[in-house]
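K.L.:
Numbering (this note's numbering), first residue to last: 1 to 582. Think of the CB as a built atom: it goes at the ideal place given N, C-alpha and C, for glycine as much as any other residue. Quick caveat, the model's predicted, so the values are computed rather than measured. Okay, handing you the structure first.
Following this line, the structure appears as structure tokens:
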């Protein structure tokens, strides 16, 4: 596939480089841009997973591979940060791998920080002590460890978990090899970030922020690599975004494995706010004071830093990765979203600004200064390809809201005026004359009720509209007149609208001008009315006048033996085209 086929979006991007066989297997958390030589040219640093045997730290300059170093374990993330104030100002690279953080300076190993060990289950220690003393055999050991794993609050160590996964034939050899060694339970790093120490300068000294599998977040000193702060989370963190300064105020936004997002602040060692999502997050980016989250239900959602939902956008495909796009020279901030349909969407708030088509699904995205170009977009694909695009200096993005919903103007806050003197005077009046105002209101309400009652009685007396006169007997009726005359068929559809109570002992009576009409059944009984069913009541009306006039027939539904109707209605009879002769 040629690069002209994958280029899109009106030529806003220049295709600088595309290597489909770069063999890079990585994620956005393992990609960074940094000036590692102090010459003003930024390099691309990649933590390549490369399979279990080929894990490497690779550094690119332009389109060429500058150096690579072997990693001992799978990288969970890497960051570039300034750890001191020495000249020249060259950042170090920290790679989180397993339980350790490997720090590289001048592309050489500089320091290794290992996470403190976790608490070991006391019952597990007692069981292995009995094995060491020869009191129990491997079969009994396996049964006891299984019981401890089901009931204990503290998880088992890696040694015990490996022992439980072995076949029966391999347990004796494993026990003889490890029973004399002390038990340790070591957690691993799941995500890593940086936090400015005291100044917000671009080359200011930064602390390392580490999320661990044991539900803890550590902040490390950049020089001594000691733990400055420790915070706890309800579940293991998977992604994080850090802003602020450690010595002043900071916020750490963390997405956890339970599907929630927590916000940590300086003054507390536990989450300050919680954002509950409808599905698990796969991407987390902070834009200004808002948090943008990509979820597994193919949606992109925006929240405030206190957890209030601002907007939501439905995406055409699942999210594979996300990254922020920040251009300080233009004052432009947006979010880059990689999708499984080989597209990268650029969003500012909920507005889609740009779409970039790629030859393969994108696995990682990084935007920033590469070489001497400020607006460089670097992407790796699932097939191992490397793509580099440069934003044109003449490129302009316009907000276009293609998502259905209310217009953007509806989200603009109203300019509510301050309290005026008239408002204050009215408030004081209501407070001083509250009793008199209440009495006047009650008088007006009584008059309104009296007028409504008079209108109701008038409607009942004139029988102008069908209505129920008893709340205990909810009935509904409509009439249908069929025929051209002189004989008409009159059908009354009666329905009991109650929820579950039947109505019985009802009758229908007709009131009409006997000089114009004659009815076969002017009084009929209605069977028991079951709730919800419609009962048709039919009768025949004959016109006995030859004057070519019509009149109204009144219908009354009432209880047998009572004179007060439950339902009244009037039927406008059509003009008859003939006359019935006696």
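#1: If you reduce the DSSP assignment to three classes, tell me which class residue 214 lands in.
#2: The alpha helix (DSSP H) with residue 147 in it runs from where to where?
#3: Use the C-beta contact count for residue 161: other C-beta atoms within 10 angstroms, 16 or more gives buried, fewer gives exposed.
#4: Leaving out five residues before and five after residue 36 in sequence, what residues of the same chain have Cβ atoms less than 6 Å from its Cβ?
#5: Examine the Cβ distances between the segment 166-180 and the segment 143-151 and report whether three or more of them are shorter than 8 Å.
#6: With 16 as the cutoff for other CB atoms within 10 Å, does residue 367 come out buried or exposed?
#7: Give a yes or no on whether the C-beta atoms belonging to residue 305 and residue 263 are separated by under 8 Å.
#8: Quick one: using the 10 Å Cβ neighbour count with 16 as the cut-off for buried, is residue 523 buried or exposed?
#9: Assign residue 231 to buried or exposed, taking buried as 16 or more other Cβ atoms, counted over all protein chains shown, within 10 Å of its Cβ.
#10: Tell me the start and end of each unbroken beta strand (DSSP E) in the segment 236-298 that is at least 3 residues and wholly inside, in chain order.
#11: Three Cβ pairs or more, each shorter than 8 Å: is that satisfied between the segment 187-203 and the segment 67-78?
#12: Quick one: residues in its chain with C-beta nearer than 8 Å to the C-beta of residue 390, no 5 flanking neighbours on either side, listed in chain order?
#13: Whole angstroms is fine: what's the gap from residue 512's alpha carbon to residue 448's?
#14: Going along the chain, which residues of its own chain have a beta-carbon closer than 8 Å to the beta-carbon of residue 470, five neighbours each way excluded?
#15: Does the contact criterion of 3 or more C-beta pairs under 8 Å hold for the segment 235-255 versus the segment 199-215?
#16: So, using beta-carbon positions, are residue 288 and residue 322 closer together than 8 Å?
#17: What does DSSP give as the partner residue(s) for residue 36 in the beta ladder?
#18: Which value, in whole angstroms, describes the spacing of the CA atoms of residue 20 and residue 382?
#19: How should residue 274 be labelled, buried or exposed, when 16 other C-beta atoms within 10 angstroms of its C-beta is the threshold for buried?
#20: Determine the DSSP secondary structure at residue 446, reduced to helix, strand or coil.
#21: Would you mind stating whether residue 527 and residue 498 have Cβ atoms separated by less than 8 Å?
#22: Could you please give the first and the last residue of the uninterrupted beta strand (DSSP E) stretch that includes residue 594?
#23: Can you tell me whether DSSP reads residue 92 as helix, strand or coil?
#24: Please report the straight-line C-alpha distance between residue 440 and residue 429, rounded to a whole angstrom.
P.N.:
Let me spell this out:
#1: Locating residue 214 in the chain shown gives position 214, where the first residue counts as 1. In the structure shown, residue 214 sits in coil (DSSP, three-state: anything other than H, G, I, E or B).
#2: Numbered from its first residue, the chain shown carries residue 147 at position 147. Note, residue 147: alpha helix (DSSP H), 138-151.
#3: The count along the chain shown starts at 1 and reaches residue 161 at position 161. With fewer than 16 other Cβ atoms within 10 Å, it is exposed.
#4: Position 36 of the chain shown, counted from the start, is the residue given in the question as residue 36. Here residue 36 has 43 as same chain residues with Cβ atoms under 6 Å from its own Cβ, once five neighbours each way along the sequence are excluded.
#5: no
#6: Position 367 of the chain shown, counted from the start, is the residue given in the question as residue 367. Buried is the call here.
#7: The sequence position of residue 305 within the chain shown is 305, counting from 1. The sequence position of residue 263 within the chain shown is 263, counting from 1. Closer than 8 Å, so yes.
#8: Translated into the one-based positions of the chain shown, residue 523 becomes position 523. Answer is exposed; the Cβ neighbour count stays below 16.
#9: Reading the chain shown from its first residue, position 231 is the one you call residue 231. It is buried - the Cβ of residue 231 has at least 16 other Cβ atoms within 10 Å.
#10: Positions of the beta strand (DSSP E) runs, each at least 3 residues long and wholly inside the segment 236-298, are given as 237-245, 249-256, 260-265, 273-276, 281-287, 290-295 in order along the chain.
#11: yes
#12: For the purposes of this step, residue 390 is identified with residue 390 of the chain shown, where counting begins at 1. Excluding positions up to five away in sequence, the list reads 13, 14, 16, 373, 375, 376, 377.
#13: By 1-based counting over the chain shown, the position of residue 512 is 512. By 1-based counting over the chain shown, the position of residue 448 is 448. Straight-line Cα distance between these residues: approximately 35 Å.
#14: Position 470 of the chain shown, counted from the first residue, corresponds to residue 470. The predicted model places residue 470 with a pLDDT of 49, which falls under 50 and marks its position as unreliable; any figure quoted below should be read in that light. Correct list, in chain order: 566.
#15: yes
#16: Within the chain shown, numbered from 1, the residue matching residue 288 stands at position 288. Within the chain shown, numbered from 1, the residue matching residue 322 stands at position 322. No, Cβ-Cβ distance for residue 288 and residue 322 is not below 8 Å.
#17: Position 36 of the chain shown holds residue 36. According to DSSP, residue 36 bridges with nothing at all.
#18: In the chain shown, residue 20 corresponds to position 20, counting from 1. In the chain shown, residue 382 corresponds to position 382, counting from 1. Near 10 Å, if we compare the C-alpha coordinates of residue 382 and residue 20.
#19: Taking the first residue of the chain shown as 1, we reach residue 274 at position 274. Burial call: exposed.
#20: As a working mapping, residue 446 is identified with position 446 in the chain shown. Reduced to three states, the DSSP call for residue 446 is helix.
#21: Against the chain shown, residue 527 aligns to sequence position 527. Against the chain shown, residue 498 aligns to sequence position 498. It is not a contact, given that the beta carbons lie outside the stated cut-off.
#22: Outside the shown range of the chain (1 to 582) lies residue 594, about which nothing can therefore be said.
#23: Position 92 of the chain shown, counted from the start, is the residue given in the question as residue 92. Of the three classes helix, strand and coil, the one that applies to residue 92 here is strand, per DSSP.
#24: Within the chain shown, residue 440 is the residue found at index 440, counting from 1. Within the chain shown, residue 429 is the residue found at index 429, counting from 1. Here the alpha carbons of residue 429 and residue 440 stand approximately 14 Å from one another.
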